[in-house]
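S.K.: Chains as they are written, first to last, in the working numbering: chain A, 33 to 370; chain B, 33 to 370; chain C, 33 to 370; chain D, 33 to 370; chain E, 33 to 370; chain F, 33 to 370.
All C-beta atoms in this analysis are idealised placements derived from N, C-alpha and C, irrespective of residue type, glycine included.
(1) Identify whether residue 54/B lies in helix, strand or coil by the three-state DSSP scheme.
(2) Have a look at residue 66/E and residue 340/C and give me their C-alpha separation to the nearest angstrom.
(3) Along the chain, which unbroken stretches of the beta strand (DSSP E) at least 3 residues long are found entirely within the region 266 to 300 of chain B?
(4) Tell me the start and end of each unbroken alpha helix (DSSP H) in the region 170 to 241 of chain E that is at least 4 residues and wholly inside, in chain order.
(5) Is DSSP giving residue 77/C helix, strand or coil here?
(6) Under 9 Å Cβ-Cβ, which residues of chain B neighbour residue 335/D?
(7) Just mark residue 350/A as buried or exposed, buried being the case when its beta carbon has 16 or more other beta carbons within 10 Å.
(8) Apply the 10 Å Cβ neighbour rule to residue 165/C and answer buried if 16 or more other Cβ atoms are within range, or exposed otherwise.
(9) Is the number of C-beta pairs between the region 128 to 137 of chain A and the region 110 to 119 of chain A that are closer than 8 Å three or more?
(10) For the region 65 to 95 of chain C, which residues have a CB atom closer than 7 Å to at least one CB atom of chain A, in sequence order?
(11) Would residue 61/F pass as an interface residue toward chain B - the criterion being a Cβ-Cβ separation below 7 Å?
(12) Output, in sequence order along the chain, the residues in the region 301 to 323 of chain F whose CB is closer than 8 Å to any CB in chain E.
(13) Classify residue 138/F: buried if its beta carbon has 16 or more other beta carbons within 10 angstroms, exposed otherwise.
(14) Where does the unbroken alpha helix (DSSP H) through residue 261/D begin, and where does it stop?
(15) Out of curiosity, what's the CA-to-CA distance linking residue 196/D and residue 158/D?
(16) Contact between the region 256 to 273 of chain E and the region 227 to 242 of chain E is defined here as three or more beta-carbon pairs at a separation below 8 Å; is this criterion met?
(17) Taking only the alpha-carbon atoms, compute the straight-line gap between residue 361/D and residue 334/D and give it to the nearest angstrom.
(18) Run through DSSP, which three-state label would residue 39/A get?
(19) From the DSSP output, which residues share a beta bridge with residue 48/A?
(20) Exposed or buried, which one is residue 382/F when buried takes at least 16 other CB atoms within 10 Å?
(21) When you compare the CB positions of residue 90/B and residue 116/B, do they come within less than 7 Å of one another, or not?
(22) Drop a sphere of 10 angstroms on the beta-carbon of residue 306/A, count the other beta-carbons inside from all chains shown, and report buried for 16 or more, exposed for fewer.
(23) Would a check of beta-carbon distances place residue 118/A closer than 7 Å to chain H?
(24) Reducing DSSP to helix, strand and coil, say where residue 320/E ends up.
(25) Determine whether the Cβ of residue 215/F lies closer than 7 Å to any Cβ atom of chain A.
(26) Within the continuous beta strand (DSSP E) that includes residue 305/B, where are the two ends?
Here it is in structure tokens:
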């Protein structure tokens, strides 16, 4: 049980307009702190593991608030440097029915994390301590400096026998036009270092420029994932497929490729309270399955149920316990618990 | 119209986490005061009857707040003693979709109500004034002292020609393991005194240890309720059957056994805003039907519609008027009323 | 693009009970300012036109707050007089599921708008500036003085070559018993002046006392609208047909009669966040189609999508941009936009 | 202890802008229900007496909310008629420092209370039951109909041996220009009927048109009050003198004229949380002293302390208990009570 | 009355922690939009002038919200360009007593305003329309590009006969170490162009590197301001002197140098609700005095009272009307206005 | 810097009524988690030390929320057991001016902490790790079981060379009548084990039954503290003296007896935002002075300033940084920091 898990990534301040209002209607915001690395390590802390974020935050009131929030989530800030002046932020206007939710980012290019110098991090030291370290494609989109930090850190983890998890998480808005072209080599750097990768058929076709004659998403996955696994020597590839239905419920199932087999989870159909960060709940479920030695089927089912439940709590960060997730795996609608 | 209705029971403080958050996420709570007796007498006050709660509250700010809240609901506090130091409380974390709501109780064993001495109550005097008095199985789970108070009070009501209503309301968490075994004789004490009983097939099988070969709930009811009615000489037995569907709407119908006939209400399917206390709305509808001399079918339909509407208002306590309920019995989805 | 649009009508203060509570449960209200004219001109301002409200508000803190709110919505207050003492208000208790929403009005008969003297308005001057002016049947229900102001203003608009839009908007509660009888001649006054009219088959049958043997609403429309168009010389008649389904979603389509043809929009089925004012979004869509020279089909589709989206934002006033509406016309459920 | 106290007067809805914001800045309001009669009877209910409001409220959601609020305050609504359509309302923008608080009224002339017909009230019946009935000069400003109701009711109280309390409460905004002239005879009608009157030197000079050569307020009081007491045969006259200091604290002392003696209370200097309704706390203290048979000095000291404490709680209505007031009479600043 | 006033400056988003909490304690924020130019033009709009902001905002939801907020304040957005991606923001943690308030800025260097290209502004066109244009030293601290825009715009205003107002507003945090040295020439550029300057003795000594042997601030002012006025040919120089007292009230008086005379306003001592932006209220009072042709003494007294009142309303932006300010000039503590 | 600090004590849930309302007025509460041990360890964590709470919390949602809150404050929950069912709670109604704040406790006798069995704690193990452990007189009031745990733990700390800090914190309400008599021997048990004691002259006279002929508090302290220090062999005794003034500001100074000298801090006079827990800030300042090796005068001045600042932040728990406190020691009222 006493495994150490870390994530390398940016802490974002989430500023959410309450009550389905627009920014131009309201005058209050709810705030919290999240980010892919935050979400993953918070979930694993809740599952009982020692969790660390490797990041940089400004040494001011906002940085203090971020640290307090991370601590509340059970994440150690031992490896969080305090430097720079800014934190990345995003505003969330929650949609309703046919009106989609909208995310608007503030400037994160100059954030403490994205301008941090290498000297702030003890990658070699941290790599020695950690069993698993998680990296994210969002960081890869930022600049050469953080990309180099990713490579340096992931290499150190690998060299020290740790597991490197990489979530492709391609965000078109961050890469801009011609983004896929520019992104490819950076993604390949990480794929070569990664043991566990979160990826779907679109990542394969668009980032890695792979071709498929198949039309259906499942067929594309089945064709392309084994090739990637082999080419980059990745032992586990996983992800989710989501459909949004006309009644605004979501349908979702997870998949996991390992030992030459692509295994799908059971499918969930569910209403959504807060969609953001739900993919990170899936990733944390996969990592948990690995750490606990679950079967492939149980791992992907656990991860899919964790992902589904993450849509039912406020905030980006998964809040479910192991017991919550195991109960959700039974697909029984439940009355008040008392 | 000028009938007097009382309930004997504990006032609980409800502390609800707003906006579907968890206790570990939020930092504000909405509070109100409720309890089975509170809910029933509030509903009957709204229907036009004089309503009283027979209970004990601490003589401090929390007791004052509870009294103010009961008064707001139209309940007289004339027979509420002020003694002891504490009030029972519960925290409510509202669920969403597949995530169930969760209730966490504070210590109610040492509450003012559960530690009140007999001298605080003028049962004989109150029994003379009341036309109907309501008792609840939750009180039965507390301790010998309140159980004796229930028996004393119910006997006095019966002796004075009043109607004794008893809601079985078995709560496994309060009785602990071996609970059914321990509970049986206490329940039988009340069943012997009661004229009107809220009960379902599970109560029959688990508390009263009755056997049925039937599998389906309706068949079990049909078999067991007449036997109970006869054995304990109960003139009216009623209750609800609820199904929670995969889209998280609830389906519910009421039933009422009287004059050797089991009558079912029409069935409602509906989304849920606040589920807690909805059973008390059903009970208040049955009592209202009795007081107004409604037909059996109209009584159980009124009670079922009252129960359904209680799911659509915030808080434990039914807030619907007679007119609201009569309109809901038509099953027509309605536009804004202006 | 630089067309000027005005509406003549009352500004209402909306006082909404939050969180689905009743007025007798809560102790806070959300407030905003709206009204048919406000909603239409706000929408057209958002679409890029110069928008004006012609109205009267009290010269006190509430009037100041109303002006500030109108400005926030992009409406010019250049032609809003400050006189009288009161503003019309309404309280909104939001329904849930089978419990309908409820609107309770305060006294608007003595409001600044409804007691304003003619001298407060420069109708001739305003009529010269405006391309389109919107009038509403709600004003028609108030008193002889505002009715005369409507006629005076609409005549001036017509005389100056502007387009007169009239929304029948019959409100039974405002006209009282025998209301249709009393209303007819006042409505006919406006129909004779109007170029564009918002009206449905019920208005035809109840206000104008027309007969139809048809049972189905579409057939009634098809029969009656052409007759009205001809009789009153109205070049464009439009409206919506709405059905509320058992799962509380609404189904809605718009129609538009022009050049001897009745054209229906595609139909939308959708959940509702805030229903009030959605009809005004439809009207603003029709006006926008006219101003932009859209085809009939595109106009009515745009208006219907605008109407649907107005159900998904808080408040009476449409908040959607042109782009939002065009995307909604594609009927594709969408994920978070980032 | 079982004395019955009633007040005849209007229930107002108070709509308060939170957080020291202006109506043109905020978008939420806190609401409650008050009015002079409400405040007095609420205070006396808290002191242990049976309290009734004699008034009229609309039979809609707002009237229901008002009734619920009155019940919460311990006031019986047995003598509140339900008729008419509107409730009087006022908006409160709280001042800060040198910026004064501002009250803006909605239309109360057409409120349920001010348009109620005589048949709605059983004055003779109520007068028989009550020991003390309170009337207020604000009602006197409304219209002839309610003025006649006041006279009818006060005469009945007097005839039945009850005590008539009359608070002059002159509000210039309600009487308009030439108000004092018009008001005089109406005030005299009530002074002739009253046993206890709340009045100050300004009322004497402006309403009753009395002359004084004295400059200082205390001297004016000392000169004029005995004359009034004699002329109108009033056994007790009381009131407060308030000074607002440069640091925005208030200084206040009460006075009471009885048995040919003018007695002043000790003086309080205090910061203000909520000033509105504090005068009603003074009146309720005077009535309480009468009911309990306190000495003159103790009565006026109790009333002044009650008045001072009413400035320290939110809302118009006094919330202090007897014990709170008795402790405040000691003038000792106190630490947290636990 | 129909003078046109503009300001050139950045719109900032203010994110305020409510209830005196710290960012690390709370989870909600109140937001509004302000900035020196916003505050000045909002105040002058409230005083009845046509007000414009010349600025750049991002074309996204945050920019839309800022526009809506400016409109609410009565500011025209006709000359606000939509370009770039970000808005400057600051977080405000309100202090209490001895704990000072704290402002933490997000990155504004890359904001839309600070990265706007010259082509976005029609300075020559705007300069022709405006009677007065306001500039601020904060803009001067940003970068060469906006500094050049300031010079270009101010020169155009001067050339077209308009009045250039310049507020020195030196912010040490923005200029960094050696800031005064770097700032001097930029400030001198603006001083040479300005007709009206807001400046104090510290600006003279630190920015302009002037020497004074005097110790007391008033003496320093008296010595240095006339020299500056002459050297840079500035017709009016004004400012405030503030002292914070041990009881946390502020003492403040304004001064104004014109026609070779330094005139001081009366002094105010007052408690503070919201200190930020109060200096802009002073400036707007000076501009108002100029526009209305007030005497020097009346101008500086009006400005000082406006400044004092700006401390008593929430938000950065002055909310007082002319009448509010004129009443505050009487220095009388006032009771509730009704 | 890497010293380990622990406290042994109960975690309380604080439920605060917002906006100066009473429990009988409001319907929302703000909640947080505190307690003497929590406050001390949170402060020392903020000062940079590793902090631990040794306690027991229920294994339910409330316990989870408490843990999250403690983590947010930087306190490790490594030594917090999860057992029992309840948490101690208190309700806080904030006073205003002459109306004192009021605290109402729920039942804490049956809380997880107060019913925890010895086996839940590894006192010997913890004592080996800790440099300083803090104990509190509140725990001493609970029951024999926790008293024994205190003695066991404190003895282990002493035996292992750690420093035992004991805060007398006598609460009359917890000890009941004859409390001092009963408390004496228990207090003496702890005084014999303690190195550092928080105590004042009243503790000496009432708990320890010491006599003083002196009248003035300072004289009593000067006489009694040296005797106690000698008798119980306590190396450091400290505390505060507080006066509440007529304008409701507090005046406070600290004192510290060490090396045969009683040293007083400078005195602070200040307004109060939140008084509860401020004594714990003083204690944490004393402990910090010890850990950092401050001089006696600097230690007591730092502690007094920390205590003063704790009155200026919301919540029981000190939130000030070292820098905040050092600045407060200068006694200069400060403007906004930006």
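M.R.: Taking the coordinates as given:
(1) coil
(2) 34 Å
(3) 268 to 276, 282 to 290, 293 to 296
(4) 176 to 191, 204 to 207, 211 to 225
(5) helix
(6) The contacting residues do not exist; residue 335/D stays about 23 Å from chain B at best.
(7) buried
(8) buried
(9) no
(10) none
(11) yes
(12) 301, 302, 303, 304, 305
(13) buried
(14) 249 to 264
(15) 13 Å
(16) yes
(17) 7 Å
(18) strand
(19) 62/A, 124/A
(20) A question about residue 382/F goes unanswered here, because the residues of chain F that appear run from 33 up to 370.
(21) yes
(22) buried
(23) Note that chain H does not occur in the displayed structure, where the protein chains are A, B, C, D, E and F.
(24) helix
(25) no
(26) From DSSP, residue 305/B is part of no beta strand (DSSP E); its letter is neither H nor E.
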